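What follows is a short report on a single structure.
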Amino acid sequence: MSLLNLESVENAEGQVVDIYNQIQQMFGSVPDGFLLHAISPELLKNNWENHTYYLQHSALSSPLLALIRMLVSRDNACDYCIDLNAAMLINTGQFTHEQIDAIKVDPANAPISEKDKAMLLFVLKATQDAKSVTGEDVQQLRDLGWSDRDIYDATAHGARNIAMDAIFNTFKIEY
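Residue numbers (our numbering): 8 to 182.
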């Protein structure tokens, strides 16, 4: 149970209604994380725009982004985000429960392309110990075909997820 009163779909007003409609079209319902964001309509808008930016990303796939969120959340003990992203990966048929369990133990077990795996492991390194990232790490991603924008966007996605984990953990958002 959230420590703050969530903005229900039934009681939503103004731009929140429009954003909730878009979220429902995409997910079938409005996840509690977005209900929390709606307490501040401008931040809901900002978070939804950020989410849709990544959904339309030309290089970073939805499975890669969900793995980033799930594993960054694992590092921050945000059960809501871990479970939500694991469910997304499983429900879309991209991964089995067993694969998700193995990935949580060792992200190098992720059955994804070597290019995506390198990006995943880079973002985890950046979010776990940013000062340990080297020019060689970045160059390895470039050598695999990632652009500087892709590298920045993936890292920003992971870093932003740390903030979301803190917010969801603070206000006890559950899946």
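For each residue, glycine too, the CB sits at the ideal point set by N, CA and C. As the structure is a prediction and not an experimental result, all values here were calculated from the model.
Between Q32 and L151, the alpha-carbon positions lie close to 35 angstroms from each other. Residue burial is scored here from C-beta neighbours: G21 has fewer than 16 other C-beta atoms within 10 angstroms and is therefore classed as exposed. The beta carbon of S154 lies closer than 8 angstroms to those of A66 in the same chain, with the five residues before and after it left out.
The alpha-carbon of D108 is positioned some 14 angstroms away from that of M95.
Using a Cβ distance threshold of 8 angstroms, V79 and N168 count as a contacting pair. Three or more Cβ pairs drawn from the region 158 to 174 and the region 125 to 144 lie within less than 8 angstroms of each other, which places the two stretches in contact. Annotation: the continuous alpha helix (DSSP H) that includes M33 extends over Q22 to F34.
Within a 10 Å sphere around the beta-carbon of D25 sit fewer than 16 other beta-carbons, which makes this residue exposed. In this structure L74 is in contact with I110, their Cβ atoms being roughly 7 angstroms apart against a cut-off of 8 angstroms.
For Y87, the three-state secondary structure derived from DSSP is helix.
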